[in-house]
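First the structure, in the form of structure tokens, and then the observations on it.
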Amino acid sequence: MNWSAFRDAITGLVDMPCELHFIRWAELERRAPQAAAALRHHLTRYSAATAGFVVDYG
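Going by our numbering, the first residue of the sequence shown is number 16, and it counts up by one from there.
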């Protein structure tokens with residue numbers, strides 16, 4: 016229920032795919048800009064630490 020729990024989940028509790036594709040990302044940014052920014056921040060950090068992980072914010 017918080018971003019720390021999300022970070023814990025993606026760094027060890029769940030198997031993450033090599034590629035993550037978002038559909039209608041712009042709509043999420045429009046409807047929930049703070050959440051979208053936080054999500055992008057955490058996924059960017061994860062991507063920097065994980066070779067081969069790619070995120071498409073389509």
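The beta-carbon is built from N, C-alpha and C at its ideal position, and this holds for glycine as well. Model, not experiment: these values are computed from the prediction.
Asked: Distance between beta carbons of Gly73 and Trp40, contact taken as under 8 Å; Found: 6 Å
Asked: For Phe21, the first and last residue of its enclosing alpha helix (DSSP H); Found: Trp18 to Asp23
Asked: Residue(s) in a DSSP beta bridge with His56; Found: Answer is none; His56 lacks a bridge partner.
Asked: Opening and closing residue of the beta strand (DSSP E) in which Leu43 lies; Found: Unbroken run through Leu43 is the alpha helix (DSSP H), Trp40 to Arg46; no beta strand (DSSP E).
Asked: Beta-carbon proximity of Ile25 to Met31, cut-off 7 Å; Found: yes
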